[in-house]
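Chains as they are written, first to last, in the working numbering: chain A, 211 to 317; chain B, 7 to 126.
Note that CB positions come from ideal geometry on N, CA and C, so glycine has one too.
Please read these numbers as outputs of a predicted model, since none were measured by experiment.
One structure is given here, and the rest of the page talks about it.
Given below as structure tokens:
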């Protein structure tokens, strides 16, 4: 199974800052990677797919990058509504696997 | 508007069975692969199972293989998850999820989730 190592586990940043969350796969996943945002009490929401494609309706301050085994999610100009947990998911191979999550808070 | 509505959750004793349903609307259900994803309380997301659009191909996570069965009824636009030999570690919110395109494997629509608690 492909292991997804996500970091950091938690992150505190100020409004307007840029933050970066990373996921490392245990083997090459050929950009078959998605990022999700989950606000407390809500279902996950797709942000990024295919490593760098922005999902419909997602603000352009979110962006994804990476290839091979290393991927990152960047949030520019942090807003209060970005307080949430973020998860990566590889879908290159079954079983699909998620990162352990990053909890983002406002400082 | 795409809607996924799960039902069938509740409290169940270890070793017993439970069947979840997910009623889909707002899209051509029979065109899409579908999946179940779960989340234990205060934990991360875990993919449980996927099924192809026609129902002939299924895949399972290691922790549920041999105990859970995913199925679908395209005539009723409904996805199912039969959960047998339930364990305490199966306690979670179970989400029905639709991929971003018909044969895709990332999920752009999620249901509201249904809670399953396995406890004596």
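Query raised in the report: Name the DSSP bridge partner or partners of residue 43/B?
Result: As a first step, residue 43/B is located in the second chain; it is residue number 37 there, counting from the start. Per DSSP, 53/B and 101/B.
Query raised in the report: Run through DSSP, which three-state label would residue 113/B get?
Result: Within the second chain, the letter at position 107 stands for residue 113/B. Strand.
Requested in this report: Ignore the nearest five residues each way along the sequence and tell me which others in residue 249/A's own chain have a CB closer than 6 Å to its CB.
Outcome: Numbered from its first residue, the first chain carries residue 249/A at position 39. Taken in chain order, the residues that qualify are 294.
Requested in this report: Give a yes or no on whether 9 Å exceeds the smallest Cβ distance from residue 217/A to chain B.
Outcome: As a first step, residue 217/A must be located in the first chain, where it is residue number 7. For residue 217/A, the answer is no, since every Cβ of chain B falls outside 9 Å of its Cβ.
Query - Partners in chain B for residue 311/A, counting only beta-carbon separations shorter than 9 Å - result: Here the question's residue 311/A lines up with position 101 in the first chain. The contacting residues are 49, 50 and 51.
**Report entry** Contacting residues, own chain, Cβ-Cβ under 6 Å from residue 230/A (five flanking each side not counted)
**Finding:** Counted from its first residue, the first chain places residue 230/A at position 20. Hits under 6 Å: 282 and 284.
Query raised in the report: beta strand (DSSP E) containing residue 230/A: first to last residue?
Result: As a first step, residue 230/A must be located in the first chain, where it is residue number 20. Counting along the chain, the beta strand (DSSP E) containing residue 230/A begins and ends at 229-235.
Query raised in the report: Using a C-beta cutoff of 9 Å, does residue 272/A count as contacting chain B?
Result: Within the first chain, the letter at position 62 stands for residue 272/A. Output row for residue 272/A: interface = no.
Query - Whole-Å CB distance - residue 14/B paired with residue 24/B, under 8 Å assumed - result: Locating residue 14/B in the second chain gives position 8, counting from the first residue. Locating residue 24/B in the second chain gives position 18, counting from the first residue. Between residue 24/B and residue 14/B the Cβ distance is about 7 Å, and since that is below 8 Å, they are a contact.
Query raised in the report: Closer than 9 Å, Cβ to any Cβ of chain B: which residues of the region 289-311 of chain A, in chain order?
Result: 295, 297, 299, 301, 302, 304, 305, 306, 307, 308, 309, 310 and 311
Requested in this report: Have a look at the DSSP bridge pairing and note the partners of residue 275/A.
Outcome: Taking the first residue of the first chain as position 1, residue 275/A is located at position 65. The partner list for residue 275/A (beta bridge, DSSP) reads 282/A.
Query raised in the report: On the premise that residue 57/B lies in contact with residue 77/B, defined as a C-beta separation below 8 Å, what is that separation, rounded to the nearest angstrom?
Result: Mapped onto the second chain, residue 77/B falls at position 71. Mapped onto the second chain, residue 57/B falls at position 51. Yes, they are in contact, since the Cβ atoms of residue 77/B and residue 57/B sit about 7 Å apart, within 8 Å.
Query raised in the report: Relative to chain A, which residues along the region 68-102 of chain B have a C-beta separation below 7 Å, given in chain order?
Result: 68 and 101
**Report entry** Alpha-carbon to alpha-carbon, residue 19/B and residue 233/A
**Finding:** As a position in the first chain, residue 233/A is number 23, starting the count at 1. As a position in the second chain, residue 19/B is number 13, starting the count at 1. Using only the alpha carbons, I get a separation of about 37 Å.
Report task. Go ahead and label residue 253/A buried or exposed: buried means 16 or more other beta carbons lie within 10 angstroms of its beta carbon, across all protein chains shown. Result -> Walking along the first chain from the start, residue 253/A turns up at place 43. So residue 253/A counts as buried.
Query raised in the report: Any idea what DSSP makes of residue 160/A, helix, strand or coil?
Result: A question about residue 160/A goes unanswered here, because the residues of chain A that appear run from 211 up to 317.
Query - Length at least 4, wholly inside the region 55-91 of chain B: the alpha helix (DSSP H) runs in chain order - result: none
Requested in this report: Using a Cβ cut-off of 9 Å (strictly closer), state whether residue 37/B contacts chain A.
Outcome: Residue numbering aside, residue 37/B sits at position 31 when the second chain is read from its first letter. Cβ-Cβ to chain A under 9 Å: no for residue 37/B.
Query - Residue from 71/B, 49/B and 60/B with nearest C-alpha to residue 304/A - result: Position 94 of the first chain, counted from the first residue, corresponds to residue 304/A. Here the closest residue by C-alpha is 71/B.
Query raised in the report: residue 13/B CB to nearest chain A CB: under 9 Å?
Result: Position 7 of the second chain, counting from 1, holds the residue named residue 13/B. Chain A, which has no Cβ nearer than 9 Å to the Cβ of residue 13/B, makes this no.
**Report entry** C-beta contact flag for residue 241/A and residue 266/A at 9 Å
**Finding:** As a first step, residue 241/A must be located in the first chain, where it is residue number 31. As a first step, residue 266/A must be located in the first chain, where it is residue number 56. The answer is no: Cβ separation not under 9 Å.
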